[in-house]
Amino acid sequence: MNNSDTPLSSLLTRARNKVEQALRELKPPYTLFFSISDATQRAQVKHINAQSFSQAWKNLADAIQIVAAQNAMEPCWLRVDWVIQKSITTLCGLHKLLEDTKRCHFRYGIALDIDCNIAFLEQELNGNAMLDEGGRMDHAILNEKEFRSYTNRRFGPQVDLDFSEERTIVLLSTKGLFCEHHREPVYLYGPGPDAGRRTINTLNCETVTQLIEDGSRYLISQLKPNGSFYKGWYACFDRAMSRCTALEHASAVYTMIETWKITKCASQLSAIQHSLDYMTKKLLRVAVLESGKTGAFVVEPNGEIRLGSNAVCLLALVNYSQVRQTSQYAEWMTRLARGIELMQAPTSGRFFHAVEYPALTVKDCHRVIDYDGQAVLGLLRLYGFSKHSRWLAVADKAFNYLLTAGHWRAHNVWLGYCVNELTAYRPDERYYQFGIRNFAGHLGVMEQRIIPSPILLQSMTAADTMITRLRQEGQFQYLLDQVDLTHFYQALHRHTTHLLNGYFWPEFALFFKNPTKILGSFYTRHHAFRIHIDDVGHYLCALVAYHKYLHSHAGDHLKAPCQPRTSNTHYPHWNKKQNPYSPGTEMSAKR
1 MNNSDTPLSS LLTRARNKVE QALRELKPPY TLFFSISDAT QRAQVKHINA QSFSQAWKNL
61 ADAIQIVAAQ NAMEPCWLRV DWVIQKSITT LCGLHKLLED TKRCHFRYGI ALDIDCNIAF
121 LEQELNGNAM LDEGGRMDHA ILNEKEFRSY TNRRFGPQVD LDFSEERTIV LLSTKGLFCE
181 HHREPVYLYG PGPDAGRRTI NTLNCETVTQ LIEDGSRYLI SQLKPNGSFY KGWYACFDRA
241 MSRCTALEHA SAVYTMIETW KITKCASQLS AIQHSLDYMT KKLLRVAVLE SGKTGAFVVE
301 PNGEIRLGSN AVCLLALVNY SQVRQTSQYA EWMTRLARGI ELMQAPTSGR FFHAVEYPAL
361 TVKDCHRVID YDGQAVLGLL RLYGFSKHSR WLAVADKAFN YLLTAGHWRA HNVWLGYCVN
421 ELTAYRPDER YYQFGIRNFA GHLGVMEQRI IPSPILLQSM TAADTMITRL RQEGQFQYLL
481 DQVDLTHFYQ ALHRHTTHLL NGYFWPEFAL FFKNPTKILG SFYTRHHAFR IHIDDVGHYL
541 CALVAYHKYL HSHAGDHLKA PCQPRTSNTH YPHWNKKQNP YSPGTEMSAK R
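First residue of the sequence shown: 1, per UniProt numbering; consecutive thereafter.
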């Protein structure tokens, strides 16, 4: 087989015309990068500077073919990036810029010389932890050890890596194209919070469904043979996190059930049943209560019972029972609810957040506000399934305490969920007011935030459900006068598009050590691209909620545009103190 018949040659052929067309707005010299991967190993990257596009393409194509052969790689992914703007600074200037940039949020490529002979894409820098020192700093920092390690692999040990303060550094802004087998090449966003991922003009049901299906497959892949889950991975080096807690396990099961409602995947249902079996047999323990009845508790290795763990286990079991219309776990659900009731102060209605097992004595009155919302929501969902008024009464008492204590100030997503659920059974003006305050006071953050926050989107979609009910019922509709609904829905759509920047698209995954393992998952950038099973769960639940939103609002004038956000004025939030787009003297590559 000659080079013209290889899969890589096919990718190059499909990409060439589109890249050449994109470069017509630039003037030479051109700086191009080719990145290839077979999805099982970190990308091999080559770049070139040339006066002629044809010559640049030919030389890079030849070089990348050699690299593929040397690494026994049959690439299925090709990414092409081209520099659209260069900015000159010094290493001292770079250090100052990094100090003002949130950890892992540096969005430039870097060249170590004016001619860009030694140059790296932004994704190379971040994927190889070249600008991160393991969480010791909350800002970006040049990691000389990892910088040298990757430079040696990419260019060889002969490269001069003098880290003197006066050394000239060139910052690179790029655009790109990603090509994979059997799919149309896609253009990648240029500078801005979306930089480096594929352009998506409209976030529709089809795209959201695909993200949910991909994330669901990732969760299935994280299930161990015994029915427990892997906690997560540090993507840069494919390192495992510590053991998954009972709360994290229950949350993952709940998420799988939520996504199964959309995917209806047989293998996913099997995984759900396997993980539920592990939860009920390995994580739950029973105890005889003062009433003589049996309660169930999730006991952590340190002998601690956490309110949130009991609540999320209950939520998972109720969710499964509802979607499968089964009473298989009826006794477990009742026992868990009794356990939650045991953790409630009978007079005030407040919940205790941690209890010692087996003594069942109070260990901590408060841990995190999430536990209260999870407990109330679990009881309300159980009431919705069983119609046993006892659980509605316990939930109502608990929520009245939260209302009296003014906990709407926490702007907590779980409180948003439970007040939305509670108002369906108790349409009380005070409860609706709590729900509105829970999100309305946070609307400014919702509008301005750029860093992806699935919890924020979950809070907004829960608020939308309550807003819709208020509009339909009419009795307390005047409460909506407190909210600028136009701004609310604009913020909801805008923040949904931000979530796309926390998803491991193949054009981004290829720069990490084990692309196949992380593909289709969700990461937290400021935790060094950590993939935590809880974070994946929040992303998927947020997307499921948005999927419901799109269906319930089909035909509405408010859509979900995904326009590229490249203006500097809309991009200050990656940096802590200043706009990252004015670092030094610019050398524009545009005509």
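Ideal Cβ positions, reconstructed from N, Cα and C, are used throughout, including at glycine.
These numbers come from a predicted model, not from an experiment.
Residues that residue i bridges to, as DSSP identifies them
i    : result
I36  : Q44 and L78
A50  : Y30
A287 : G295
R530 : Y234 and T524
Y503 : F522
H139 : K102
L188 : G176 and R198
T516 : According to DSSP, which records beta bridges pairwise, T516 is partnered with nothing at all.
V120 : According to the sequence displayed, residue 120 carries Phe and not Val. DSSP lists I110 as partners of F120.
L457 : Answer by DSSP bridge pairing: none, since L457 is not bridged.
A240 : W233
Three-state secondary structure assigned by DSSP to residue i
i    : result
K264 : coil
K18  : helix
V368 : coil
F352 : coil
H553 : coil
V233 : The sequence as given places Trp at residue 233; Val does not occur at that position. It is a strand residue.
S173 : strand
Y425 : helix
R306 : strand
I110 : strand
L360 : coil
Q344 : strand
S216 : helix
T334 : helix
T255 : helix
F163 : coil
T245 : coil
L382 : helix
T168 : strand
N568 : Reliability fails at N568, whose pLDDT of 33 lies under 50, so the model's placement of it is uncertain and no value is given.
R449 : coil
A72  : coil
Distance between residue j and residue i (C-alpha atoms, nearest Å)
i    : j    : result
F297 : K363 : 15 Å
A43  : I36  : 5 Å
F529 : S275 : 26 Å
N501 : A63  : 31 Å
S521 : G135 : 22 Å
L392 : K513 : 49 Å
H47  : H538 : 38 Å
A271 : N226 : 11 Å
H570 : R525 : A caution first: H570 carries a pLDDT of 30, below 50, which makes its placement in the model unreliable, though a value can still be read off. In a straight line, the C-alpha of H570 is about 19 Å away from that of R525.
C265 : E165 : 56 Å
R335 : A405 : 28 Å
L543 : L457 : 8 Å
L172 : L26  : 14 Å
C104 : D132 : 7 Å
S251 : Q475 : 36 Å
G308 : T423 : 22 Å
R148 : V419 : 53 Å
R486 : L492 : Here residue 486 is Thr; the residue named in the question, Arg, does not match the sequence. Rounded to whole angstroms, T486 to L492 spans 10 Å at the Cα level.
P346 : T101 : 49 Å
R591 : G190 : Its pLDDT being 33, under 50, R591 is placed unreliably by the model, and the measurement read from it follows with that caveat. Cα-Cα distance, rounded: 17 Å.
G93  : M446 : 33 Å
Cut-off 6 Å between Cβ atoms - residues of its own chain near residue i, not counting five sequence neighbours on either side
i    : result
M241 : K231 and G232
R350 : Y401
Y320 : I257
L112 : I118
T263 : E213 and S216
R306 : A354
P28  : Q51
V413 : I455, Q458 and S459
V286 : T294 and A296
Beta-carbon contacts of residue i that lie in its chain and below 7 Å, excluding the five residues immediately before and after
i    : result
L12  : A61 and L78
V288 : T294
F163 : L91 and E144
Distance cut-off 7 Å: residue i Cβ against heavy atoms of the ligand HEM
i    : result
W391 : The model depicted lacks the ligand HEM and carries no ligand whatsoever.
Proximal residues to residue i (C-beta, below 8 Å), its chain only, five neighbours per side dropped
i           : result
residue 632 : With the chain represented from 1 up to 591, any question about residue 632 goes unanswered, as that position is not in the structure.
E473        : P427
W82         : V19, A22, L23, L26, Y30, T31, L32, F33, T174, K175 and G176
Across the segment 41-59 and the segment 134-152, are there enough close Cβ pairs to call them in contact, namely three or more that are closer than 8 Å? The segment 41-59 makes no contact with the segment 134-152, as fewer than three CB pairs between them are under 8 Å.
On the three-pair Cβ rule with 8 Å, is the segment 435-446 touching the segment 392-400?
-> Contact between the segment 435-446 and the segment 392-400 is absent: fewer than 3 CB-CB pairs across the two stretches fall below 8 Å.
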